[in-house]
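Enquirer: According to my numbering, the residues represented by the sequence shown are 3 to 264, in order. Using N, Cα and C, we set each Cβ at its ideal position, and we do this for glycine too. Below is the structure I would like to discuss, written out as structure tokens.
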Amino acid sequence: MKQVNEKWALITGASSGIGEVFAHELANKGSHLILTARSENKLTELAKKLTKRYGIQTEVIVTDLSQAGASAKLYHECMERGCSIDLLVNNAGFATHGYFEEQNLLRNHDQMMLNVVALVELTHLFLPEMLKNRSGAVINVASTAAFQPNPYMAVYGATKAFVLSFTQALWEENRKRGVQFLTLCPGSTETAFFEALGTNDAVVGKKVTPEHVVEVALHSLGTSRSYVIAGRKNYLVSQLNRLVPKKVMLQMVSRLIRPTHK
């Protein structure tokens, strides 16, 4: 992976799950950290723990990135604190599940703002300095849901397909300019994702640990990959859409994640 010792990394959604593991692993490698999420108590406790254990600098910025203008405020706060970001981990995100017309429209709006808009805005804000330094990396967390439409999780699947397409495009734009882009595509993972989702109906296959997901991502930095899928079985399943007719693939996915209440 790229050298992160004494560099600053910004991790969104850092209070739990994959984001928290990114914080531990990067701190262990000597990276200074800006941790952001909505949970101030969790972030503060994590920051103290990482500083004490690894001797790194940590900054906590509490923000709700689903709100308009939050990305710009986060960027300016980083600049005011004198933190030049060398690694941006756009990890924050959530999903909704169920029949589309039954889902809360405002909740889906927030989902699109967080999964797509905030990710694009933060990338746009932090990329120029990386290009100026001809150094840096952006890890955008998508999902294996990015590789095919997802009935009953239509908005989530579409947002993650956007993240995959967007990040691969920027990988090509920037691969000779000193900045690496990587799309991380986890499958079902042992995090609070499904608790926040409010159901386990969308679990596909055996859950992997967030530690494995982060290990795969960090190992892939510095390689020529534009995306990486955590787990061999997840990789094989994600490639089925190349072999199976779209109609059949949609029916397969539908059976796997259909709500059990209907």
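To the nearest angstrom, how far is it from the Cα of L45 to the Cα of K249?
Expert: Roughly 44 Å between the two C-alpha positions.
Enquirer: Measure the Cβ-Cβ separation of L67 and A147 and say whether it is below 7 Å.
Expert: Contact flag unset, no.
Enquirer: Are L186 and V143 closer than 7 Å when you measure CB to CB?
Expert: Yes. Within cutoff.
Enquirer: Decide if N43 is buried, meaning its Cβ has at least 16 other Cβ atoms within 10 Å, or exposed.
Expert: N43 comes out exposed.
Enquirer: Return the first residue and the last residue of the beta strand (DSSP E) that Q182 is part of.
Expert: From DSSP, the beta strand (DSSP E) with Q182 extends over Q182 to C187.
Enquirer: Hey, could you find the ends of the alpha helix (DSSP H) T53 is sitting in?
Expert: That run of the alpha helix (DSSP H) goes E42 to Y56.
Enquirer: Helix, strand or coil for V6 per DSSP?
Expert: Here V6 sits in coil by DSSP.
Enquirer: What first and last residue would you give for the beta strand (DSSP E) that runs through V165?
Expert: No beta strand (DSSP E) contains V165, which is instead part of the alpha helix (DSSP H) from A156 to N176.
Enquirer: Suppose you measure from the CA of K9 to the CA of G32; what does that come to, to the nearest Å?
Expert: Near 8 Å, if we compare the C-alpha coordinates of G32 and K9.
Enquirer: Using 7 Å as the threshold, is the C-beta distance between F149 and N243 below it?
Expert: Going by C-beta atoms, F149 is nearer than 7 Å to N243.
Enquirer: Beta carbon of L52, beta carbon of I13: below 7 Å?
Expert: Against a cut-off of 7 Å, the Cβ pair of I13 and L52 comes out as no contact.
Enquirer: Assess, as a yes-or-no matter, whether the segment 117-132 is touched by the segment 155-175 under the definition of 3 or more beta carbon pairs within less than 8 Å.
Expert: Yes: the two stretches touch, three or more of their Cβ pairs being nearer than 8 Å.
Enquirer: Which same chain residues end up closer than 6 Å to T65 when comparing Cβ atoms and leaving out the 5 residues on each side of it in sequence?
Expert: Contacts found: T38, A72 and L76.
Enquirer: Taking Cβ to Cβ, would you say A163 is nearer than 7 Å to L223?
Expert: No; because the gap between Cβ atoms is not below 7 Å, this pair is not in contact.
Enquirer: Just how far apart, CA to CA, sit L245 and A94?
Expert: The alpha-carbon atoms of L245 and A94 are separated by roughly 32 Å.
Enquirer: Cα-Cα, which of M251, T211, L220 and R227 is closest to G233?
Expert: The shortest C-alpha separation from G233 is found at T211.
Enquirer: Going along the chain, which residues of its own chain have a beta-carbon closer than 8 Å to the beta-carbon of V215, five neighbours each way excluded?
Expert: Taken in chain order, the residues that qualify are I20, V23, L186, P188, T191 and A232.
Enquirer: Taking all protein chains shown into account, decide if G15 is buried (16 or more other Cβ within 10 angstroms of its Cβ) or exposed.
Expert: When all chains shown are included, G15 counts as buried.
Enquirer: Whose C-beta lies closer than 6 Å to the C-beta of A11 among residues of the same chain, with five residues either side of it excluded?
Expert: So the qualifying residues of the chain are L28, S33, L35 and L89.
Enquirer: Which same chain residues, not among the five before or five after P151, have their C-beta less than 7 Å away from its C-beta?
Expert: Result list for P151: G159 and L252, in chain order.
Enquirer: Determine whether the beta carbon atoms of I63 and E47 lie at a separation below 7 Å.
Expert: No, Cβ-Cβ distance for I63 and E47 is not below 7 Å.
Enquirer: Pull up the distance between the alpha-carbon of V218 and that of V230, whole angstroms please.
Expert: Distance between the alpha carbons of V218 and V230 is about 8 Å.
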